[in-house]
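Have a look at the structure below, then the notes.
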DNA sequence: GCCGAGCATGATAGCGTTCTCAGCTTCTCC
DNA sequence: GGAGAAGCTGAGAACGCTATCATGCTCGGC
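Protein chains in written order, with the working numbering: chain F, 1 to 329; chain L, 330 to 658.
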């Protein structure tokens, strides 16, 4: 494990420099030296020391990923897409969970920075300070963008997605449409709220009291959905702005014995494995989750590769998938 | 970003050694020097270079995690538990997906090794060669154990879990109980199969033809479950050995219009978010997924800390959670 | 036979830390 | 007052690699 180039060189009877040259595949080396060095490298079980290499080459071949919680399927899918892309180029992903907490996020970014990642992909926590994104290695924000943090960012068309969800419900004849959302401090949530508002205002049907703010857990979703369903004049339809809110709304509906789609129509943002398994199968706004990670990885690799120019914002399209959770009112 | 101890020293008007001492908090330094160094460190925005530190200290404060696919909720939960434990001690997790392929796994482990992780947690791919686990940094196997790879390992009581699943079905009066499992090359699957066999053999009810081997995806599960449900003499109950098999079995039952629990009882190994959301809610053998990761992390940290002694195998208990998917035949 | 080009090699200088050492100053205590 | 301890400092040696350079050597060409 601690066999170094020097050891290999000694065993092969050449100088450290020559061994390094054949191992590192640069400069000249005779065929004989090449063979001997490779032989003793194999024999001794030489593994290049990436740490030493990183120190001199100033590149760790490592990229950092900061997400709220890897257990969230959305983040997991993003992580997968990202690592697929970067691993193909010889990079490895350093993972950090920030639990949607700006302070933990700051510390995570610091840890990644001191490990000298070549770049990082961050899903900013609500309330993250823009300062954290200003210097340091190339960084791309994902899913959300912090105001004033002028970095590359990869997101979906949140407002348009929300509009398509609400329009779908409007087309079915719903006029009282509620929304259960994560904090508007999260830019993607804010955009979804904006889309919801826009679609309803266009019809003169916007009722601010029907917006219920939850958080980033099922429990939050349950509470926020319950608040809506508990009302005398409860909405006939609900748009849930992330998968936890969707899950929570399902729980609330069951608890209050509100039947879907008979008593309540439901459209969720983000598709999941189980949305086709429940009864009725859920109508959703599906996001290209793997692509988010992949595109973020490509952006980042381009920047690491020296791409210059102003920050780029990439928006990916969402897609309405109509299944069975939206009856007419 | 490239401000080094030397730069800080220069700015503070002390030698590199003194600056290093105050920054690294070791050895002597006068209060005055301390203040001046800290001041210029802050002013210049000094971030210690972990790479250089790792080179000399021979510790990267990084631990590797190799899983099949981080999108699998089981692995995601493990990753979360692991990173919670190790991050608390200042470690960061390097993530690699091996897609249940031994060759990709080998490469991933090599990549982690050359990055000089201080230790690694591996969920071995089916068919992994024991050689890969023999040398290198401290390693703990998780969920599965490769034959002949004498490392620490953290697993659940797979056989006992399977027995409790089958016993539950037997107690309800089922006599034809099928199993849909992942490859027996995976030790946890093999153990679950063994438990299934043992429980049925005890009653003289074992029918080998009712074991259907799938794989590590829903699609595999669907095919394997369909094979069982398509038979004339189809079983009245099925035990699915991982979450993909459970999902696939649900799909197959729907496709063939087999009603649960009326026409078919179902017990799944591994609990998931959505198991209470489907109708009927699923009876499952729940695994302490987060604990698996946490315990693996603790084991690993202990070894990194120098703990000596023979490989330790830790087994965590599973728990039967009775919900609504198992009627009497 | 001589020269320059091309090949092959070893010495050696970093990269940014940690950490040991020797040297110097300042105290403390008898 | 002097010895010894304690406090403080800078020089410099690793860590294992990349990469440059100078030095030989072997050729081919004239």
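Cβ atoms here follow ideal geometry from the backbone N, Cα and C, with glycine treated the same way.
Per DSSP, the bridge partner or partners of residue i
| i | result |
| --- | --- |
| residue 542 of chain L | L/510 |
| residue 394 of chain L | L/424, L/450 |
| residue 594 of chain L | L/566 |
| residue 482 of chain L | L/470, L/642 |
| residue 286 of chain F | F/319 |
Whole-angstrom C-beta distance between residue j and residue i, which should lie under 8 Å
| i | j | result |
| --- | --- | --- |
| residue 47 of chain F | residue 527 of chain L | Between residue 527 of chain L and residue 47 of chain F the Cβ distance is about 43 Å, and since that is not below 8 Å, they are no contact. |
| residue 598 of chain L | residue 502 of chain L | Not quite, the Cβ-Cβ distance comes to about 21 Å (not below 8 Å), so this is no contact. |
| residue 340 of chain L | residue 351 of chain L | No, residue 340 of chain L and residue 351 of chain L are not in contact; Cβ-Cβ is about 13 Å, not under 8 Å. |
| residue 381 of chain L | residue 94 of chain F | Between residue 94 of chain F and residue 381 of chain L the Cβ distance is about 17 Å, and since that is not below 8 Å, they are no contact. |
| residue 316 of chain F | residue 288 of chain F | 5 Å |
| residue 155 of chain F | residue 143 of chain F | 6 Å |
| residue 414 of chain L | residue 451 of chain L | Between residue 451 of chain L and residue 414 of chain L the Cβ distance is about 16 Å, and since that is not below 8 Å, they are no contact. |
| residue 82 of chain F | residue 296 of chain F | 6 Å |
| residue 226 of chain F | residue 256 of chain F | 7 Å |
| residue 448 of chain L | residue 466 of chain L | 5 Å |
| residue 647 of chain L | residue 615 of chain L | 6 Å |
| residue 89 of chain F | residue 292 of chain F | The Cβ separation is near 18 Å, so there is no contact. |
Chain L contact residues for residue i, given Cβ-Cβ distances below 8 Å
| i | result |
| --- | --- |
| residue 92 of chain F | 423, 424, 425, 440, 441, 444 |
| residue 38 of chain F | Result: empty, since nearest Cβ-Cβ is about 17 Å, beyond 8 Å. |
| residue 151 of chain F | Those within 8 Å of residue 151 of chain F in chain L number zero; the least Cβ separation is about 15 Å. |
Exposure of residue i, with buried meaning 16 or more beta-carbon neighbours within 10 Å
| i | result |
| --- | --- |
| residue 20 of chain F | buried |
| residue 561 of chain L | exposed |
| residue 331 of chain L | exposed |
| residue 364 of chain L | exposed |
| residue 126 of chain F | buried |
| residue 43 of chain F | exposed |
| residue 656 of chain L | buried |
| residue 25 of chain F | exposed |
| residue 518 of chain L | buried |
| residue 6 of chain F | exposed |
| residue 303 of chain F | buried |
| residue 61 of chain F | buried |
| residue 635 of chain L | exposed |
| residue 212 of chain F | buried |
| residue 303 of chain L | In the structure as shown, chain L begins at 330 and stops at 658. Residue 303 of chain L is therefore absent and cannot be evaluated. |
| residue 28 of chain F | exposed |
| residue 87 of chain F | buried |
| residue 100 of chain F | buried |
| residue 309 of chain F | exposed |
| residue 271 of chain F | buried |
| residue 553 of chain L | buried |
Under 9 Å by beta carbon: chain L residues contacting residue i
| i | result |
| --- | --- |
| residue 247 of chain F | 602, 603, 606 |
Where residue i meets chain F, residues with beta-carbon distance less than 8 Å
| i | result |
| --- | --- |
| residue 399 of chain L | 70, 76, 79, 80, 83 |
| residue 391 of chain L | 94, 115 |
| residue 376 of chain L | 110, 113, 114 |
Beta carbon of residue i nearer than 7 Å to that of residue j
| i | j | result |
| --- | --- | --- |
| residue 178 of chain F | residue 238 of chain F | yes |
| residue 146 of chain F | residue 159 of chain F | no |
| residue 97 of chain F | residue 70 of chain F | yes |
| residue 470 of chain L | residue 482 of chain L | yes |
| residue 108 of chain F | residue 181 of chain F | no |
| residue 267 of chain F | residue 165 of chain F | yes |
| residue 577 of chain L | residue 550 of chain L | yes |
| residue 606 of chain L | residue 278 of chain F | yes |
| residue 446 of chain L | residue 397 of chain L | no |
| residue 236 of chain F | residue 192 of chain F | no |
| residue 281 of chain F | residue 261 of chain F | no |
| residue 14 of chain F | residue 41 of chain F | no |
| residue 499 of chain L | residue 480 of chain L | no |
| residue 111 of chain F | residue 604 of chain L | no |
| residue 557 of chain L | residue 587 of chain L | no |
| residue 492 of chain L | residue 533 of chain L | no |
Contact list for residue i against chain L, beta-carbon separation under 7 Å
| i | result |
| --- | --- |
| residue 50 of chain F | 443, 444, 445 |
| residue 250 of chain F | 606 |
Partners in chain F for residue i, counting only beta-carbon separations shorter than 9 Å
| i | result |
| --- | --- |
| residue 402 of chain L | 71, 73, 76, 273 |
Where residue i meets chain F, residues with beta-carbon distance less than 7 Å
| i | result |
| --- | --- |
| residue 383 of chain L | 51 |
Near the ligand NAD: residue i beta-carbon under 6 Å from a heavy atom
| i | result |
| --- | --- |
| residue 93 of chain F | Inclusion of the ligand NAD in the displayed structure is not the case, the ligand content being empty and no account of it being possible. |
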